[in-house]
Amino acid sequence: MSSLWYDRVDDIDKGESLFEIPRSLLLTPETSSISGILETLANDGQFALENRSGWTPLLVALMYEYTDPSSHWRPYLNLIPDINVLDQPMFWGRHERQKELKGTGILEDVEHDVQKIEEEYKCIAWPFMNKHKQYFSYPHATKFILTAGFVLFSESHHTLDLYKHMAAFVMAYSFTENSSDEDDDSDSENATLTGPAMVPMADILNHISNNNAHLEFGDEKLTMVAVQDISKGEEIFNTYGKLANCDLLKSYGFIECELPNKYDMADIPLVTFHKVMKENLSSTETQLLNAKFEFGNELDVFSDGDLFHFGRDGCFESSPDLYFFLRILAFYTFMCFLSSGVWHALVFLAVLRG
């Protein structure tokens, strides 16, 4: 799912403001027509759900505004793509997802997203709307069954399908403000994230990793700013973040294919290393290799579920210590240290860490 493209008829200098959006025009739970009751959704323990996404107030607000013909945001909401043309994998059939996403590393994430969306609708959104029927009046009640096996009553307007539709809209078009001064460093210890917001106009720009513009959050307004010189007629690109193609496919339904995505990476599971290394080994060598993996697991040096993340510049620091892992595997006198007892094993670890 991509946005509209946008270019300029004049040259643009780096640092130039392209357009501004007053904060009053952002569509959030606080600016929606039902902001008063949405406060209870955020604060009432009745609607708490462990590990919930935090999107429910915005999704309920969007459902309300989207089904209100007189909504203040009607012109903006009319631009929401129809649910039948959404490209995110969460809207693919289960068989298609399993076939097309096999080996990409995101199949489990997509399945988890689908499950969490259904859980949040059942456990939070639907009970909340049912409690506030005066705001969510439905003339035709229907019954449906979710894949998890439970039955609940829904209404013809604010259904699970609409909730998923709005979730896809938020996933692909929303912006999340970083309260840290370092806008591009979402991993900063001082950075805290507020909830997502829908930002009319800002979402007309397409994404590319080598972007030439980005959105800056101010106290009174948001500003789209050129981060490099842009020639007349050149397309203006925003950035959705430092996202690999697998992340773009999962959240937006497209990938960068014309230019290499500098944030692309490959995840190699530890168990894959183990499987490949056992090929063509003798039984004695296989026994030694297995002992090294068991040793690493027992001392929490690494575990079978670990992944090594490789980017264009090598293994990421957030991965397990690849160098240490390889030193353990290459240590020929490993069994001698291991058979000498736990203290010798700890000395062995210290020597390897160097």
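Just so we're aligned, residue 125 is where the sequence shown starts under the numbering used here, counting upward by one.
Idealized CB from N, CA, C, for every residue including glycine.
Burial state of D353 is exposed, judged by a 10 Å Cβ sphere holding fewer than 16 other Cβ atoms.
DSSP lists N362 as the beta-bridge partner residues of H331. According to DSSP, residue pairing for V349 in a beta bridge involves S141, H338. Bounds of the beta strand (DSSP E) holding G435 are 431–435. Residue pairing of I136 in beta bridges, as defined by DSSP: I354. Under the criterion of beta carbons closer than 8 angstroms, I145 and V323 qualify as touching, at roughly 6 angstroms. F260 is positioned such that its CB atom lies no closer than 8 angstroms to that of H289. Assignment of N208 by DSSP, reduced to helix, strand and coil, places it in the helix class.
Excluding its 5 nearest sequence neighbours in each direction, E340 has C-beta neighbours in its own chain below 6 angstroms: T347, V349, listed in chain order.
The three-state reading of DSSP puts M295 in helix, counting H, G and I together. A straight-line Cα-Cα distance of about 21 angstroms links F397 and D388.
By DSSP's assignment, C439 forms a beta bridge with F434. In the three-state scheme derived from DSSP, where H, G and I count as helix and E and B as strand, M322 is classed as strand. For P181, the three-state secondary structure derived from DSSP is helix. In the DSSP annotation of this structure, the continuous segment of the alpha helix (DSSP H) that includes P251 starts and ends at 250–255. The residue from I241, W179, N414 with its alpha-carbon nearest to that of I452 is N414. For F417, the closest alpha carbon among the candidates E243, F440, M401 is that of M401. Under the DSSP assignment, A390 falls in the beta strand (DSSP E) whose first and last residues are 390–393. The beta-carbon distance between V184 and A249, rounded to whole angstroms, is 6 angstroms. This is short enough to meet the 8 angstroms contact definition.
When beta bridges are read from the DSSP output, L151 appears opposite M322. In the three-state DSSP reduction, P213 falls in the helix class (H, G or I).
L446 is not a Cβ neighbour of D391, given a cutoff of 8 angstroms. Of the other Cβ atoms in all chains shown, fewer than 16 fall within 10 Å of the Cβ of C381; this residue is therefore exposed.
For T408, the secondary structure class from DSSP, reduced to helix, strand or coil, is helix. Note that the C-beta distance between H338 and V351 is below 8 angstroms. Counting along the chain, the unbroken alpha helix (DSSP H) around A454 starts and ends at 446–454. Counting along the chain, H281 sits inside no alpha helix (DSSP H), nor does DSSP assign it H or E at all. Taking 8 angstroms as the upper bound for CB-CB distance, A326 and M214 are not in contact here, some 23 angstroms apart.
Under the criterion of beta carbons closer than 8 angstroms, Q222 and M295 do not qualify as touching, at roughly 21 angstroms.
Distance between D134 and D343, taken at the CA atoms: about 29 angstroms. Using a 10 angstroms sphere on the CB of E244, the tally of other CB atoms reaches 16 or more, which defines it as buried. Counting along the chain, the unbroken alpha helix (DSSP H) around D233 starts and ends at 231–244. DSSP places N202 outside both helix and strand once states are collapsed to three, so it counts as coil. Looking at W197, R147, P199, G319, the one whose alpha-carbon comes closest to that of L182 is G319. Within a 10 Å sphere around the beta-carbon of L372 sit 16 or more other beta-carbons, which makes this residue buried.
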